[in-house]
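In the UniProt record's numbering, the protein residues as written are 1 to 329.
#1: Compute the Euclidean distance between the alpha carbons of residue 35 and residue 160, then round it to the nearest angstrom.
#2: Quick one: grab the DSSP three-state call for residue 122.
#3: Ignore the nearest five residues each way along the sequence and tell me which others in residue 113's own chain have a CB closer than 6 Å to its CB.
#4: Which residue marks the beginning of the alpha helix (DSSP H) containing residue 252, and which one marks its end?
#5: In chain order, what residues of the same chain lie with their CB nearer than 6 Å to the CB of residue 62, ignoring the 5 residues before and after it?
#6: What are the boundary residues of the alpha helix (DSSP H) that includes residue 314?
#7: For the region 235-249 and the region 115-133, state whether three or more C-beta atom pairs, one from each stretch, are separated by less than 8 Å.
#8: Rounded C-beta distance between residue 286 and residue 17? I'm assuming under 8 Å.
#9: Starting from residue 66 and walking both ways along the alpha helix (DSSP H), at which residues does that stretch end?
#10: Between the alpha carbons of residue 294 and residue 288, how many angstroms are there, rounded?
#11: Rounded to whole angstroms, how far is the Cβ of residue 188 from the Cβ of residue 225, which I believe are closer than 8 Å?
#12: Do residue 264 and residue 13 come within 9 Å of each other at the CB atom, strictly closer than that value?
#13: From residue 158 to residue 77, what does the alpha carbon distance come to, in whole angstroms?
#14: Quick test of the definition: if touching needs 3 or more C-beta pairs under 8 Å, does the region 142-157 touch the region 95-106?
#15: Can you tell me which of 202, 182, 185 puts its alpha carbon nearest to the alpha carbon of residue 96?
#16: State the DSSP-derived secondary structure class of residue 170, mapped to helix, strand or coil.
#17: Could you work out which residue in 195, 149, 29 is closest to residue 82 when comparing CA atoms only?
#18: Which same chain residues, not among the five before or five after residue 247, have their C-beta less than 7 Å away from its C-beta?
#19: Which residue wins for smallest C-alpha separation from residue 10, given the options 320, 53, 329, 245?
#20: Measure the CB-CB distance between residue 74 and residue 64 and report whether it falls below 9 Å.
#21: List in chain order: all unbroken alpha helix (DSSP H) runs of 4+ residues lying wholly within the region 132-187.
#22: Measure the CB-CB distance between residue 230 and residue 251 and report whether it falls below 9 Å.
#23: Between residue 296 and residue 60, is the Cβ-Cβ spacing less than 9 Å?
Right, here's the structure in full:
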């Protein structure tokens, strides 16, 4: 087991990490691709413990938008920023997901009717018409339920979506759809669609769905993904084209819903209890990550003066830790 020192020992590391410039965090983001999950998990807990998660997410999102050339690839690759957003939304959006999706998921678990449109996966071609009719009914119900759920989305998430919109409009003022797509990229592609595909992982149901329900959930998520991207199905999957009228009918509603969800301009007061955590353990994890990347940090600190502090603090904590280890022996 790795030794965790008392919390006071990590105070210099905590101050550096929480510094509003986030220079230390951004340096770690660029270096620690293999440690992305433990880094994101620890950072999020440290910032939530201090009720500063909105600042962390907004600053990193803004930095990502600033360095992106193309709107088409914005937030599509996995990065520390997208991992933090995924973890944060998953941890705070349970009520929103229940409000938006649960009734549809339960319906698909209980029904004997399939949503399958792929002729290669159907028992008989005669089923196509009934399946399509049922899928379109389910899609109408789930979009209706989602579009009524904006108020159930946590205020901090809505504020961050508003910040995303303002930032992309500032950078690409002539691209009409970018402010819709930047929010749908998180709310649909990284939250609602994954929750439909894996409802158990998102605490919406307790048992894994049976095969037919699983396939229906995939069909629904696939259609919502296209709606979220504001694109119809093309010639590659001709059997999906029956869904295009649904997409065309709901494009405008999708734009209105995402604007409504994002219409918080003021940063909200922190919601709920302060997150209980073990800051020493999380700071210990960050120290461990800094130690494993110390050579790269030292090299970077030659050109980025702000990183000299991070290197110094990492080395100092390692010395203190050594003393604790000797005391234990």
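Think of the CB as a built atom: it goes at the ideal place given N, C-alpha and C, for glycine as much as any other residue. Here the structure is a predicted model, which means the values were calculated and not measured.
This is what the structure holds:
#1: 25 Å
#2: Residue 122 falls in the coil class under three-state DSSP.
#3: 134
#4: 244-261
#5: 167
#6: 306-328
#7: yes
#8: Going by Cβ atoms, the distance from residue 286 to residue 17 rounds to 7 Å, so yes, they are a contact pair.
#9: 53-67
#10: 10 Å
#11: So it is a contact: roughly 7 Å between Cβ atoms.
#12: no
#13: As the crow flies, the alpha-carbon of residue 158 is around 22 Å from that of residue 77.
#14: yes
#15: 202
#16: helix
#17: 29
#18: 226, 227, 232
#19: 320
#20: Going by C-beta atoms, residue 74 is nearer than 9 Å to residue 64.
#21: 155-171, 178-187
#22: yes
#23: no
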